[in-house]
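For the sequence shown, this note's numbering assigns the number 1 to the initial residue and increments by one for each residue that follows.
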Amino acid sequence: MRVDLRAGKAYWQEVPPEEVAMGGRYRTARLLLEQEAYRFDPFSPENPLVFAIGPLAGTGSSNANRTSVGTRSPLTLGIKEANGGGTFGYALGQMRLSHLVLEGKSPDWVVLRITRTGEVFFDPAEGLLGLGNFQAANRLFAAYGRRIAFALLGPVGEYGGLLSGIAFSDTDGRPSRLAARGGVGAVMGAKRAKPRATRPGTHM
């Protein structure tokens, strides 16, 4: 799935089985190469932010649900991959999403809400700004219920701090699984987006 944050639109993409089988870091690197991410300023809207999962994500297989995050790093200026565990990759796998690419920059801060049926909504996120990740997670639970998975960034990422990471929810709903290499959180902050996905079993 590709998400155009500026236009507020999302596009499903068919991925060949052999590409799905590679998955994870390979998928991240392939997408960044195809989009020539190395050409763009890390904080520019043109710099894509990729979330990719492996072929067994969404299953109970051990270590299969990690999420690979890739972009051009504002810290090193190279192409960077970070990865983290938790429930976000599991949720993407359950929705048959091999990857999620954030493109452009949202005019306003949004919660990128992806339902289990594949619908995408751009909900206002002003109420999350300035909050730590645990506080923001509690706000998300109050708004959407507890059967959600999310990728969050705190105030450091919001103001573009180069050491900021992306916090994924764990099985207890805590934002405790981090993808933190290369300042990937700062790139997500530059896009003004905080993704969350619906986990299976919910009625959303």
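Don't be surprised by glycine CBs; every beta carbon is placed ideally from N, CA and C.
Here the structure is a predicted model, which is why all the values come from computation and not from measurement.
Here the alpha carbon of L33 sits roughly 18 Å from the alpha carbon of A21. Annotation for P17: the continuous alpha helix (DSSP H) segment containing it runs P17 to M22.
In this structure, the beta-carbon distance from A137 to R174 falls below 9 Å. In the DSSP assignment, K9 falls outside any alpha helix (DSSP H) and within the unbroken beta strand (DSSP E) covering K9 to Y11.
Contact between V3 and T28 is ruled out by a C-beta separation of about 16 Å, above the 8 Å threshold. When beta bridges are read from the DSSP output, T67 appears opposite I53 and G84.
Per DSSP, L178 is one residue of the beta strand (DSSP E) stretching across R177 to A179.
The straight-line gap separating the alpha-carbon atoms of I79 and L31 is approximately 11 Å. Separation of the CB atoms of G85 and R177 is rounded to 4 Å, and the pair is thereby assigned contact status at 8 Å.
Every unbroken stretch of the alpha helix (DSSP H) spanning 4 or more residues and falling wholly within the segment 82 to 138 is given here in chain order: 88 to 94. DSSP places A186 inside the alpha helix (DSSP H), whose first and last residues are V184 to K191. With a cutoff of 9 Å on beta-carbon distance, T71 and N47 are scored as near each other. Taking C-beta separations shorter than 6 Å and ignoring five residues to either side along the sequence, the partners of Y11 in its chain run R2, following chain order. In this model, A82 and G145 are separated by some 28 Å (Cα to Cα). Listed as beta-bridge partners of A197 by DSSP are I114 and A149. For V110 against A193, the beta-carbon gap comes to about 6 Å, under 8 Å, which counts as contact.
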